[in-house]
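**Student:** Sending over a structure as structure tokens; questions will come in a sec.
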Amino acid sequence: MGSNYDDITFTDYTLGQEELEKIENVLEDDLIRSGVHSVLLIDMAGNIIAQRDNGACDHDLYSLAALASANFAAVDTMAKIVGEEEFSLLFHKGENENIHFSKVNVEFLLITIFGKKVSLGLLRLKVAEAVDKINGVWKP
Amino acid sequence: MAFVNMKSKEVQAKIVYYGPGRGGKTTNLEFIYSKFRERIKSDMVSIKTHGDRTLFFDFLPFDIGKIMGYDVKIQLYTVPGQVKYDATRRLVLKGVDGMVFVADSQVEQRKKNVLSLKNLQENLAMYKKSIFKVPLVLQYNKRDLKKEGIPLLPTETLEKDLNSQLKVPSFAASAVSGENVVPTMKKIISLTMASLQNVLK
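One line per chain: the protein sequences are A and B, in this order.
The opening position of the first sequence corresponds to residue 1 in my numbering, with each subsequent residue numbered one higher.
The opening position of the second sequence corresponds to residue 1 in my numbering, with each subsequent residue numbered one higher.
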């Protein structure tokens with residue numbers, strides 16, 4: 001095979017300990033303190049990069065990350081089929097818990113789980129701020 | 001592309017079971033799940049149709065303990081085998097670190113195995129990955145059907161059809177009885193971890 005094939009290596013991105021701590025601080029300060037129940041930064045393959053919660057959540061996060069990345073990829077493909085670059089709002093509403101998806105960049109997704117006390121508007125604002133900060137930490 | 005968390009000393013790697021429809025990919029994961037029930041903390045996730053066919057994928061996270069000081073979490077996935085689900089099958093391959101190709105040993109499935117392997121090669125190429133470089137193990141499944149009098153391809157024929165160029169490790173197996181299911185998994189985990197070793201040093 002030609003040289004345009006990658007070897008299997010670990011990464012299209014590298015995050016050191018310092019960057020991870022910065023990202024975790026963003027998740028804590030911007031989202032958990034705003035009343036979000038749980039927040040996950042995952043990559044498009046479904047790996048968990050960073051995670052924070054309010055201490056009262058007991059979700060199966062590895063399964064959630066796998067499903068969230070697959071869900072996002074499926075919706076993204078649907079967007080392309082109908083001629084959209086992407087769908088900008090991805091949000092699932094439940095009785096007590098809601099899930100919001102936000103693309104951080106080509107590699108990462110931010111998954112936010114929140115309840116009735118946080119409005120969708122405030123959440124979107126907070127998520128947008130967090131996404132900006134995370135992109136500031138992560139320089140390709 | 002496995003994720004290595006230097007902070008929590010954790011590695012997450014993705015291993016995908018591929019192969020033709022009704023070949024036994026899901027059954028492989030179900031056997032692993034039942035065999036290691038105490039060690040697998042979460043439930044196996046299956047997205048399937050009412051007819052019990054895999055629609056999107058199965059997912060089984062498996063904590064295999066410490067390697068070189070890192071906590072290694074293997075994420076086992078299957079793809080839907082049916083030809084029509086190629087778009088979703090491709091999505092599951094995103095970021096794959098290792099692959100098991102589950103072939104159906106029945107004589108009448110001979111062509112489907114070859115087509116599915118070719119499909120795997122094409123789908124990997126879309127992620128700029130070569131089937132010759134991805135850690136890969138072949139499994140010749142359903143060997144137990146011989147007892148039922150169902151005609152099976154000799155493993156030599158399967159080797160010739162599927163493995164003459166790849167030359168990767170292969171196992172004759174029965175996912176239903178569990179024969180060689182765990183050795184298949186152990187082999188692909190060790191190949192995958194070997195390919196990640198440079199990162200973990």
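Ideal placement from N, C-alpha and C gives every residue a C-beta, glycine not left out.
1) If you measure from the beta carbon of residue 95 of chain B to each beta carbon in chain A, is any gap under 8 Å?
2) Please list the segments of the beta strand (DSSP E) lying wholly inside the segment 7-48 of chain A, counting only runs of 3 or more residues, in order along the chain.
3) Kindly list the residues whose CB is nearer than 7 Å to the CB of residue 20 of chain B, restricted to its own chain and excluding five residues on each side of it in sequence; keep chain order.
4) Report the residue from B:195, B:196, B:188 and B:197 whose alpha carbon sits nearest the alpha carbon of residue 15 of chain B.
5) Using a Cβ-Cβ distance cut-off of 8 Å, determine whether residue 120 of chain A contacts chain B.
6) Roughly how many angstroms separate the alpha carbons of residue 125 of chain A and residue 39 of chain B, rounded to a whole number?
7) For residue 163 of chain B, I'd like the list of residues in its chain whose CB is within less than 6 Å of its CB, leaving aside the five on either flank, ordered along the chain.
8) Excluding the 5 residues preceding and the 5 following residue 74 of chain B in the sequence, name in chain order all residues of the same chain whose CB lies nearer than 7 Å to its CB.
9) With 8 Å set as the bound, which would you pick, yes or no: does the beta-carbon of residue 6 of chain B sit closer than that to a beta-carbon of chain A?
10) For residue 47 of chain B and residue 57 of chain B, what's the separation of their Cα atoms in angstroms?
11) Can you pull the chain E residues whose beta carbon is under 9 Å from the beta carbon of residue 61 of chain B, in chain order?
12) Do the CB positions of residue 69 of chain A and residue 42 of chain A come within less than 8 Å of each other?
13) Taking only beta-carbon atoms, is residue 1 of chain B less than 8 Å away from chain A?
14) So with Cβ pairs under 8 Å, would you call residue 20 of chain A a contact of chain B?
15) Is the CB of residue 47 of chain A under 8 Å away from at least one CB in chain B?
16) Could you round the C-beta distance between residue 31 of chain B and residue 175 of chain B to whole angstroms and report it? I think they count as a contact, below 8 Å.
17) How long is the line joining the alpha carbons of residue 196 of chain B and residue 68 of chain B, rounded to whole angstroms?
18) Distance, Cα to Cα, residue 158 of chain B vs residue 52 of chain A?
19) Using a Cβ cut-off of 8 Å, pull out every chain A residue sitting near residue 78 of chain B, in sequence order please.
20) Is the shortest distance between the beta-carbon of residue 111 of chain B and the beta-carbons of chain A less than 8 Å?
21) Report the neighbours of residue 43 of chain A on chain B: residues whose CB is nearer than 8 Å to its CB, in chain order.
22) Is the beta carbon of residue 6 of chain B closer than 8 Å to that of residue 17 of chain A?
**Tutor:** The answer reads as follows:
1) Taking the first residue of the second sequence as 1, we reach residue 95 of chain B at position 95. Yes, contact with chain A.
2) 38-43
3) Stepping through the second sequence from its first residue, residue 20 of chain B is reached at position 20. 81, 104, 109, 112, 113 and 116, listed in sequence order.
4) For this step, residue 15 of chain B is matched to residue 15 along the second sequence. The option with the nearest alpha carbon to residue 15 of chain B is B:188.
5) Translated into positions along the first sequence, residue 120 of chain A becomes position 120. It does not: the Cβ of residue 120 of chain A has no partner Cβ on chain B nearer than 8 Å.
6) Counting from one through the first sequence, the residue named residue 125 of chain A turns up at place 125. Counting from one through the second sequence, the residue named residue 39 of chain B turns up at place 39. Their backbone Cα atoms lie some 41 Å apart in a straight line.
7) By 1-based counting over the second sequence, the position of residue 163 of chain B is 163. Only 138 and 170 meet the Cβ criterion.
8) Locating residue 74 of chain B in the second sequence gives position 74, counting from the first residue. Cβ within range, chain order: 13, 15, 62, 64 and 189.
9) Within the second sequence, numbered from 1, the residue matching residue 6 of chain B stands at position 6. Chain A contact via Cβ: present.
10) Here residue 47 of chain B refers to the residue found at position 47 when the second sequence is read from its first residue. Here residue 57 of chain B refers to the residue found at position 57 when the second sequence is read from its first residue. Near 6 Å, if we compare the C-alpha coordinates of residue 57 of chain B and residue 47 of chain B.
11) The chain labelled as chain E is not found among the protein chains of the depicted structure, namely A and B.
12) Position 69 of the first sequence, counting from 1, holds the residue named residue 69 of chain A. Position 42 of the first sequence, counting from 1, holds the residue named residue 42 of chain A. Going by C-beta atoms, residue 69 of chain A is nearer than 8 Å to residue 42 of chain A.
13) Residue mapping note: residue 1 of chain B aligns to position 1 of the second sequence, counting from 1. With 8 Å as the cut-off, residue 1 of chain B counts as an interface residue toward chain A.
14) The count along the first sequence starts at 1 and reaches residue 20 of chain A at position 20. Taking Cβ atoms only, chain B reaches closer than 8 Å to residue 20 of chain A, which makes this a yes.
15) Sequence index remark: in the first sequence, residue 47 of chain A carries index 47 (1-based). Yes, residue 47 of chain A counts as interfacial toward chain B.
16) Taking the first residue of the second sequence as position 1, residue 31 of chain B is located at position 31. Taking the first residue of the second sequence as position 1, residue 175 of chain B is located at position 175. The Cβ separation is near 6 Å, so the contact holds.
17) Within the second sequence, numbered from 1, the residue matching residue 196 of chain B stands at position 196. Within the second sequence, numbered from 1, the residue matching residue 68 of chain B stands at position 68. If I take the Cα positions, the gap works out to 11 Å.
18) Looking up residue 158 of chain B in the second sequence gives position 158. Looking up residue 52 of chain A in the first sequence gives position 52. Each residue's alpha carbon lies about 48 Å from the other.
19) Here residue 78 of chain B refers to the residue found at position 78 when the second sequence is read from its first residue. By Cβ distance, chain A contributes nothing, its closest Cβ being about 12 Å from residue 78 of chain B, past 8 Å.
20) Within the second sequence, the letter at position 111 stands for residue 111 of chain B. Answer no: the Cβ-Cβ gap between residue 111 of chain B and chain A never drops below 8 Å.
21) For this step, residue 43 of chain A is matched to residue 43 along the first sequence. Residues of chain B passing the Cβ test: 1, 3 and 95.
22) Indexing the first sequence from 1 puts residue 17 of chain A at position 17. Indexing the second sequence from 1 puts residue 6 of chain B at position 6. For residue 17 of chain A and residue 6 of chain B, yes; Cβs fall inside 8 Å.
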